[in-house]
Each structure stands twice: as structure tokens, then as C-alpha cells.
Amino acid sequence: MLQTKTRPAGPFKIKTIRRKTNSECSPSSSCCSEESSPGADKPPCCGPPTSKGGGVITDKVPGFIEWLNTPIGRIPRIDTKLGFADHLGACKARWALGRMDFIVPSGLYALGHPTATDPVLVTANYKMSYDRVRRELSGRNVWLLVLETFGVNVWCAAGKGTFGTGELVRQIKATGLTEIVSHRRLILPILGAPGVSAHEVARRTGFKVDYAAIRAADLLTYLDHGMVTTPEMRQVTFNFYDRLVLIPVELVMAMKSVAIVGLVTLLTLSALSNVTAGITGFCAYIGAAVCGIALGPLLLPWLPGRSFAVKGAFTGLLWCGLFYVVAGGTAWNGAITAAFFIALPAISSFHTLNFTGCSTYTSRSGVKKEMRIALPVMGSSLVISLILLLAGRFL
Amino acid sequence: MKGFRYLKNVVTLKLDQPACIGCGRCLEVCPHQVFELAGKMASIRDRDACVECGACALNCPVKAISVESGVGCASGMINEWLRERNLRAPGGSCCS
Ligand code: SF4
Ligand code: SF4
């Protein structure tokens with residue numbers, strides 16, 4: 019069933035994963051490997067495959083009001099109010115529709131009527147990041163320096179190094195920032211820090227980097243209170259809503275592989291037994307996958323254990339119980355019942371484990387450890403349940 | 017993080033305390049309050065909270081911190097692993 023994904027279960031050794039070197043990374047790959055060496059001026063390694071960057075600034079940039087004439091040429095003054103199109107775009111992006119086009123040109127923007135002494139804020143060219151920052155800053159005069167992160171948000175781009183020292187230095191030079199502002203201070207989001215080396219930026223450009231806050235919503239407070247970061251501004255949250263908004267994209271992204279595996283399940287079981295068994299298996303599988311993708315993340319803090327794989331297995335078990343009752347499991351023989359109860363938690367577990375990529379509190383080493391243990395277990399569960407299904411059929 | 021704890025004793029974070037000059041940068045960039053500054057020296061307050069983002073290591077001016085940072089999602093790791101063996105990834109990319 020899930021063999022296509024868990025085939026590496028046998029000889030699988032996560033230990034062998036190593037960092038990719040620059041030459042191995044191609045700009046077209048959609049990988050997530052990390053690029054965070056301090057003075058990296060190299061082209062970004064891992065932009066989304068279809069994204070060629072945000073292009074150049076024109077009067078079509080979102081929220082454009084007018085051109086501002088400055089010593090270094092015209093700079094777009096943009097609105098701090100979001101329009102209908104911005105909200106619609108955000109909704110679509112949440113469902114992974116047109117996410118790759120959800121991008122704005124990199125460069126320097128003006129909010130309000132900034133002068134040489136006004137602060138410079140830095141963000142990514144993922145349109146949602148850009149929109150959030152400008153929305154929070156209504157009534158302020160600030161410069162907004164947008165880095166080319168190929169439409170990826172600050173945290174992920176920082177992890178990849180595209181929101182990084184090299185790109186920041188490049189944008190400072192390309193925009194001629196030193197001629198626009200008289201001070202030498204940049205305000206960055208804290209979540210950009212994994213890509214940016216503050217002392218390196220200072221050494222190369224003379225600009226001092228201040229990490230302001232995690233959330234754009236705290237920017238006003240930060241600016242209004244003498245640019246001081248309070249402990250709350252430094253704290254990552256991961257509440258129910260934070261998790262909820264991540265689910266649609268996860269569902270859409272998993273849809274294709276889940277549909278394929280589901281279909282294979284349907285056909286295999288139909289061939290082995292009959293169409294009813296096929297449809298039962300199909301529903302059971304889809305339910306287990308959806309539980310792992312949606313229910314696991316949503317119920318995260320309330321599911322037992324620290325391990326995502328264990329949490330996921332529990333949602334699978336819940337689904338199993340429900341499915342057993344609804345699908346009339348009392349009519350199944352022992353082997354088939356066992357097969358269901360062994361396979362479904364493994365499937366949910368796999369999908370919840372995958373959510374570690376979105377969670378804000380998991381570490382790479384932790385995920386590695388989980389995978390080293392969980393993948394072989396999941397693989398074996400599927401093999402065992404397949405054997406049980408075969409056995410159950412001939413019993 | 018409040019309400020959430022991940023696995024114990026897995027992170028690769030290391031702090032070379034004698035090298036620390038007490039600038040406090042690591043406290044500023046860490047999204048999980050892993051460090052604290054006692055006197056003129058940073059120390060690890062909550063090691064298991066570390067997500068290995070690498071921000072502290074990259075921003076420490078004297079390179080007193082080391083951590084193996086990188087992708088933390090399962091499918092990303094499977095993809096990496098497959099690519100290393102020149103196999104085709106089974107579709108889907110992470111954190112785009
Ligand atoms: S950033 Fe480095 S030097 Fe500064 S307090 Fe932290 S460990 Fe010490
Ligand atoms: S790697 Fe990230 S989470 Fe871990 S201590 Fe450093 S800044 Fe904090």
C-alpha cells in the first residue's frame with residue numbers, strides 16, 4: 019500500500035544523509051537542503067521549481083500608489099491597506115493555488131513618506147510576508163527592503179539561505195540604500211536569523227542588523243517603544259489556528275500521492291478479493307491518510323507522546339476504531355481485522371511525521387531519530403498486514 | 017516552547033563557553049529561548065527546546081556555538097536520501 023513511499027525501510031540509513039555541496043544543488047530543484055554559510059553570494063540553491071524570482075519593480079506591484087523621487091531614482095510608494103485581490107490571493111495560497119506566483123519583485127519600497135532618518139525593514143518577497151508587513155505599518159514612514167527569496171517565506175528561505183547574508187548585502191548595494199538613508203541600521207525579522215549573519219553584514223556593508231520580532235504584528239510596538247524587543251516578541255507560538263491554516267496546503271500537496279496509493283489499494287484488494295473489499299480498503303486508507311495529515315497536526319498537543327510518529331499512530335488508531343464500527347468490522351475475520359489495525363496507524367503515523375516540516379518546535383536530529391525508528395516499523399507493519407490480508411482471504 | 021516539547025537529548029547544539037564574549041546575540045536570535053546570559057557569559061538554559069535552526073551559530077561573532085542545522089521534515093529527508101542515490105523523488109516538495 020504505502021510501499022512506494024516506505025520502500026527504503028529495509029536498508030534505510032538516515033545516518034548517510036549529509037549536507038549537499040553547492041555544486042550538487044541546482045536552482046531548479048525543489049529540495050529543501052540548507053545553505054547557510056555566512057558570506058554566501060552564490061545563487062540560491064532551492065527555489066521552488068517554477069519560480070524564476072519576482073522580476074523588477076513596476077507600477078504593477080501590489081498596493082502601488084505612486085512613484086517617489088529619490089536621489090537614487092524612483093521608488094514605489096505602496097499602500098498599507100490590503101485590497102480585495104490581496105485577500106483573495108492569500109486565500110488561494112492557503113490552498114496551494116497559484117502559490118508559486120505569490121511573489122513580489124525584490125527591491126526597495128516606501129511606506130508612508132519616509133525620509134533619510136526613517137527605519138529600514140527587511141522582509142522576503144513571498145507576497146504574504148510583504149502584505150503582512152505593510153498592513154501592520156499603516157500610518158508609519160518606513161523603507162521596506164524586500165529580498166529575493168523566490169516567493170518563499172522568511173523562515174523557510176532563511177533555512178535555505180536565500181533570505182541570507184549574501185542576498186541582503188546584494189540588495190543593499192543594488193538599491194543604493196546608503197544614499198537613501200543617513201543611518202546604518204536594518205530591522206530584520208527574528209525568523210530570518212538562521213540565514214543572516216549580523217556581524218558579517220555589518221562587516222561588509224556597515225549596516226547594523228537588529229532582529230526585531232517574530233511576528234509582523236509586533237512591529238508597531240517595537241517601533242513605538244524605542245525599538246526594544248520584549249520576551250513575548252521572541253516567542254514562537256503554534257496554537258490551534260497556526261496549525262489549522264497549514265492543513266489545506268498539506269492536504270493539497272499530499273493529494274496526488276495519496277490518490278495513487280489509494281487507487282493501487284483499491285485495485286489490489288479488488289483483484290485479491292472482490293470490489294467491496296477494494297472499496298473498503300480504499301476508504302480505510304484515505305481516512306487514515308487524512309487523519310495523519312489533518313487530525314494529527316490539529317490535535318498535536320493533546321495526543322500522547324513526544325514523537326510525531328507516535329502521535330500520528332494514535333490518530334490512525336482512532337480512525338481504525340471508528341472505521342471498524344462504521345464499516346461493520348464485526349463481520350471481518352480475525353486476520354483481516356488485525357491487518358486493518360496494524361496498517362492504518364502506520365499510514366497515519368507516516369503523514370503526521372511528515373508534518374514535522376511545518377511544526378515550529380521540531381529539530382532535524384529529532385526527526386532523523388524518529389525516522390530511523392519509525393520508517394522500518396511502518397514498513398514492517400504494512401508487510402505484516404498484507405500477509406494477514408492474504409492469509410485472511412484463504413482462511 | 018509553551019505546551020510543546022519534542023524529543024529529549026537529541027539536538028546537536030554545542031556551546032564553547034570559554035570563547036563566549038557575552039554579547040547576547042544568541043539570546044536575541046533564538047526563537048526558543050535556549051540560552052540565558054549569566055554574568056558575562058551565555059549558557060544553555062533549555063537544550064531540548066532547540067530546533068537546530070542555526071541562527072545562534074551563524075550570528076555568534078566569535079563562533080562559540082555549533083549546531084547541525086538543516087531541513088527538519090520527513091519528506092525532505094527522504095527526498096535528500098533518494099537524490100543521493102540518484103533515485104526519483106516520489107513527488108511533493110517540502111516547505112515551499
Ligand atoms: S552570541 Fe556567542 S559570544 Fe555572544 S553571548 Fe552568545 S555565545 Fe556568547
Ligand atoms: S539552533 Fe536555533 S533554536 Fe537552537 S539554540 Fe540556536 S537559535 Fe535557538
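Sequences listed follow chains A and B, in order.
What the first sequence shows, in our numbering, is residues 19 to 413, in sequence order.
What the second sequence shows, in our numbering, is residues 17 to 112, in sequence order.
Ideal Cβ placement from N, Cα and C applies to all residues, glycine included.
State the Cα-Cα distance for the pair residue 186 (chain A) and residue 267 (chain A), rounded to the nearest angstrom. 29 Å
* **N-terminal and C-terminal residue of the beta strand (DSSP E) that residue 91 (chain A) is part of** => From DSSP, the beta strand (DSSP E) with residue 91 (chain A) extends over 91–96.
Output needed for residue 251 (chain A): all residues of its chain with C-beta closer than 7 Å, excluding positions within five of it in sequence on either side, in chain order.
The answer, listed in chain order, is 231, 232, 236 and 240.
Report task. Taking only beta-carbon positions, decide if residue 87 (chain A) is within less than 7 Å of chain B. Result -> Chain B contact via Cβ: absent.
- How many whole angstroms separate the CB atoms of residue 212 (chain A) and residue 176 (chain A), which I take to be in contact at a CB cut-off of 8 Å? 4 Å
* Asked: Do you know offhand how far residue 175 (chain B)'s Cα is from residue 384 (chain A)'s?
  -> The structure shown has nothing for residue 175 (chain B), since chain B only spans 17 to 112.
Nearest by alpha-carbon distance to residue 146 (chain A): which of A:168, A:133, A:189 and A:134 is it? A:168
Note to self: Just checking residue 41 (chain B) against ligand 1 - is the residue's beta carbon closer than 6 Å to any of the ligand's heavy atoms?
What the structure shows: yes
- Below 6 Å CB to CB, which residues in the same chain sit around residue 380 (chain A) once its five sequence neighbours on both sides are set aside? 374
Could you tell me the alpha carbon to alpha carbon distance between residue 366 (chain A) and residue 101 (chain A), rounded to whole angstroms? 39 Å
message: Would residue 312 (chain A) and residue 388 (chain A) be called neighbours here (beta carbons separated by less than 7 Å)?
response: Going by C-beta atoms, residue 312 (chain A) is not nearer than 7 Å to residue 388 (chain A).
Does DSSP put residue 409 (chain A) in a helix, a strand or coil? DSSP places residue 409 (chain A) in helix when its eight states are reduced to three.
Q: Evaluate residue 156 (chain A) with the Cβ neighbour count: other Cβ atoms within 10 Å of its Cβ, from every protein chain shown; 16 or more gives buried, anything less gives exposed.
A: exposed
Worksheet item: According to DSSP, which residues form a beta bridge with residue 75 (chain B)?
Response: None; residue 75 (chain B) has no bridge partner.
Could you list which residues in chain B have their beta carbon closer than 9 Å to that of residue 208 (chain A), in chain order? Near residue 208 (chain A) (Cβ distances below 9 Å), the residues of chain B are 44, 45, 46, 47 and 71.
### Task
Counting only runs of 3+ residues fully inside the stretch 131–213 of chain A, write out the beta strand (DSSP E) ranges in chain order.
138–142, 160–165 and 203–206
(message) Tell me the DSSP secondary structure of residue 128 (chain A) in three-state form.
(response) strand
- Task: Look at the Cβ atom of residue 363 (chain A), then the Cβ atom of residue 400 (chain A), and state whether they are nearer than 7 Å.
- Result: no
Looking at residue 132 (chain A) and residue 416 (chain A), is the spacing between their C-beta atoms short of 7 Å? With chain A covering 19 to 413 only, the question about residue 416 (chain A) has no answer from this structure.
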